[in-house]
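Anchor point for the sequence shown: position 102 equals 285 in my numbering, and the numbering is continuous, going up by one each time.
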Amino acid sequence: LAGAPDHGRQVSGPDARWLELGEVPPDLERPAVWLARNDDPRWQALVAGLPPSTADLADAALFAAPARSAARLSRRLLLKALTGAALGVPAAGVAVERAPAGGIRIVAPQSLCASLSARGGWTCVGLSRRAVGVDVEAADPPTPLPLDVLTQEEAAGIAALAAELQPAAFARHWTVKEAAVKAMFHYPFPGNIRELQNLIERAVILATDGEPIEPHHLFAGGEQSGGGVMSLQLQGNSGGTLHSQGVAGV
Numbered sequence: 184l185a186g187a188p189d190h191g192r193q194v195s196g197p198d199a200r201w202l203e204l205g206e207v208p209p210d211l212e213r214p215a216v217w218l219a220r221n222d223d224p225r226w227q228a229l230v231a232g233l234p235p236s237t238a239d240l241a242d243a244a245l246f247a248a249p250a251r252s253a254a255r256l257s258r259r260l261l262l263k264a265l266t267g268a269a270l271g272v273p274a275a276g277v278a279v280e281r282a283p284a285g286g287i288r289i290v291a292p293q294s295l296c297a298s299l300s301a302r303g304g305w306t307c308v309g310l311s312r313r314a315v316g317v318d319v320e321a322a323d324p325p326t327p328l329p330l331d332v333l334t335q336e337e338a339a340g341i342a343a344l345a346a347e348l349q350p351a352a353f354a355r356h357w358t359v360k361e362a363a364v365k366a367m368f369h370y371p372f373p374g375n376i377r378e379l380q381n382l383i384e385r386a387v388i389l390a391t392d393g394e395p396i397e398p399h400h401l402f403a404g405g406e407q408s409g410g411g412v413m414s415l416q417l418q419g420n421s422g423g424t425l426h427s428q429g430v431a432g433v
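Next up, the structure:
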């Protein structure tokens, strides 16, 4: 955990680069992450005059409620503006694609991994040439805490804390998990659904009770698929940020 101006405490992957709106990363080899309030005037300045594409409008239309649709469109335009600035190209030329599973990618003018999350008046944006996932949550999880969604070790660690510290600790764990799942959207599994099922079933067997499933459980035998060795691309980052309003992770 380390200090972050205006955002309280943050923890993330070792090479994630946290930026303020308007800051441009020197490169995208390291994941670039922006965390901002939805009413930040710099946001409106970045997207002012940026026309939404047909794909942008179709994506926003997935929400019927006008307010939610407008917020979704604004986040997508912000992603395009930040991407254009990072690549040194007009934001209008940036194209975003949403995969059926829910992950998003920049498909033009270059292929990049991206991630978006919003909660409690905050929005988090992740952009990288490598897999990246971000998540932001308010530090007000339901009561009682659903500790069954955590590993036994994680749940025991939270249960051992003072009651007033448990909600924030749970939020950090949950945010990290959400960010990690989003990063996995960018992993192109080379096999079919049956191969994936067999891979996961074996990992569950190999992992001892309460032990998190690690890459060595998933790829214990150097599996082959189509002549290529399957491997988990652990080049992304997962982690979280705790600020006065909640938690964000990347």
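We put the CB at the ideal spot given by N, CA and C, even for glycine.
Requested in this report: Kindly indicate which three-state DSSP category residue 300 falls into: helix, strand or coil?
Outcome: strand
Report task. Check the C-beta distance from residue 386 over to residue 354 and give it rounded, since I have them as a contact under 8 angstroms. Result -> The Cβ separation is near 27 angstroms, so there is no contact.
Query raised in the report: Are the Cβ atoms of residue 254 and residue 301 separated by less than 9 angstroms?
Result: yes
**Report entry** Cβ-based burial, residue 399 [other Cβ within 10 Å; buried from 16]
**Finding:** exposed
Report task. Have a look at 341, 304, 250, 310 and flag the residue whose alpha-carbon is nearest the alpha-carbon of residue 290. Result -> 310
Requested in this report: Could you pull out every unbroken alpha helix (DSSP H) segment of at least 4 residues lying fully inside the stretch 216-263, listed in chain order?
Outcome: 224-230, 237-243
Query raised in the report: In chain order, which continuous runs of the alpha helix (DSSP H) of length 4 or greater are located wholly inside the stretch 279-360?
Result: 335-342
Query raised in the report: In chain order, what residues of the same chain lie with their CB nearer than 8 angstroms to the CB of residue 200, ignoring the 5 residues before and after it?
Result: 208, 213, 214, 215, 216
**Report entry** DSSP state of residue 206 mapped onto helix, strand, coil
**Finding:** coil
Query raised in the report: Straight-line CA distance for residue 222 to residue 352?
Result: 27 angstroms
Requested in this report: Mind checking who residue 200 pairs with in its DSSP beta bridge?
Outcome: 215
Report task. Assign residue 266 to one of three DSSP states: helix, strand, or coil. Result -> helix
**Report entry** Whole-angstrom distance between residue 382 and residue 356, CA atom to CA atom
**Finding:** 25 angstroms
Query raised in the report: So, do the stretch 336-352 and the stretch 246-266 have three or more beta carbon pairs nearer to each other than 8 angstroms?
Result: no
Query raised in the report: Who are the near neighbours of residue 226 in its chain, counting only those whose CB is closer than 7 angstroms to its CB and skipping five residues on each side?
Result: 204, 219, 261
Query raised in the report: Alpha carbon to alpha carbon, what distance is there between residue 258 and residue 235?
Result: 11 angstroms
Requested in this report: Output yes or no for whether 9 angstroms exceeds the beta carbon distance between residue 229 and residue 282.
Outcome: no
Report task. Just confirm the distance between the C-beta atoms of residue 274 and residue 267, as a whole number of angstroms; I'd bet it's less than 8 angstroms. Result -> 3 angstroms
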